[in-house]
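Worksheet: one structure, shown below.
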Amino acid sequence: MPRRPNSSRQARTLLAALLDGPGTWRHGYDLSKETGLRSGTLYPLLMRLSEQGLLESRWQEAERPGLPPRHVYRLTAAGLALAREQALEAMAGERAGALA
Amino acid sequence: MNCARPWRLLAVKLAQHAARVVPGARSPWAQAMQHELDYIADDPAALRWAIGCVLASYRARLADRLSFGARTAWRRVAASGALMLLIGFALLDNAGGQTAPPAPRPPVDETTCDLGSPPPVLCRSGCADRLPTEMRGARDDHLKDDSCSSKSKTR
Chain A
598 MPRRPNSSRQ ARTLLAALLD GPGTWRHGYD LSKETGLRSG TLYPLLMRLS EQGLLESRWQ
658 EAERPGLPPR HVYRLTAAGL ALAREQALEA MAGERAGALA
Chain D
-14 MNCARPWRLL AVKLAQHAAR VVPGARSPWA QAMQHELDYI ADDPAALRWA IGCVLASYRA
46 RLADRLSFGA RTAWRRVAAS GALMLLIGFA LLDNAGGQTA PPAPRPPVDE TTCDLGSPPP
106 VLCRSGCADR LPTEMRGARD DHLKDDSCSS KSKTR
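Those sequence lines, one after another, are chains A and D. Last residue of the first sequence: number 697 in my numbering, and the count goes up by one each step with no gaps. Last residue of the second sequence: number 140 in my numbering, and the count goes up by one each step with no gaps.
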């Protein structure tokens, strides 16, 4: 049976982190600290989600002078739907595990 | 950015290398990773981040290479197929006259005798003695065989 896309533990963790503040733009380093994913795992995931239309990104001007602009990310409508679906599945799984 | 610290300097160099490795279409992502480095205050954390950047850039490059390889392989297969089709059509056109059934052979002339050429002299009357001895046997065989003479008679 083929594996569902974006169903890896890392992808689910990242989608769950992005779902926490659905409309807010997040930085790569913040996401890395929150999810525990290293940049070598995080950025390929971000690229893939972006190519799939689940994530949108933009450059944000630095708050302090002398610092470069930052790339920020947030879920698209499709990404939000997938993240919510995965969150519901995870909750259902936890409940089933607790009942068993 | 303070590059006086060795860990920080190494991290910056690694991030720059990662930015160079990433294929062109994904260069904004490389820039994003590189810029993020300036927001990490802790040097060892910055170095870990930069190492991750290098890994991510190599993965992106490998993925790009693989997809490019698949595209080129598909192009080669398609070109070979087209070439084979062309060759097939060319052969079909050139072999048009050759594939027709062969022209019918002329009917066998049954009146002719296929026992070989008759002796040069067919003499039924007393001239047989004048034939050389090696030809007399052949002449006699030919005269004894009725098939040729009867065929020619029935026609």
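No residue lacks a Cβ here, since even glycine has one placed at the ideal position from N, Cα and C. Keep in mind that this is a model prediction, so the values were computed, not measured.
One finds Met18, Trp34, Gly37, Cys38, Ala41 in chain D with Cβ atoms closer than 7 Å to the Cβ of A/Ser636, taken in chain order. If you look at A/Glu658, you'll find it isn't in any beta strand (DSSP E); DSSP assigns it neither H nor E. Taking the Cα of A/Leu616 as reference, the smallest distance to any Cα among A/Leu652, A/Gly633, A/Glu658, A/Ser605 is reached at A/Leu652. Around D/Leu(-1), the same chain offers Ala35, Val39 as residues with beta carbons nearer than 6 Å, after the five sequence neighbours per side are excluded. When the alpha-carbon of D/Ala26 is set against those of D/Ser12, D/Trp(-8), D/Ser52, D/Ser42, the nearest one is in D/Trp(-8). Counting only runs of at least 4 residues, the segment 600 to 630 of chain A fully encloses the following alpha helix (DSSP H) elements, listed from N- to C-terminal order: 606 to 617.
Straight across, the Cα-Cα distance linking D/Asp28 with A/Ala614 is about 25 Å. Pairing D/Val(-3) with D/Ala45 gives a Cβ-Cβ distance that is not under 8 Å. Between A/Gln607 and A/Leu628, the C-beta spacing is not below 8 Å.
Look at the beta carbons and you see the segment 640 to 656 of chain A touching the segment 1 to 19 of chain D: at least three pairs across the two are nearer than 8 Å. Only residues of its own chain outside the window of five on either side were considered, and among them Arg667, Val669 have a CB closer than 7 Å to the CB of A/His624, listed in chain order.
Between the alpha carbons of D/Arg33 and D/Tyr43 lies a gap of roughly 16 Å.
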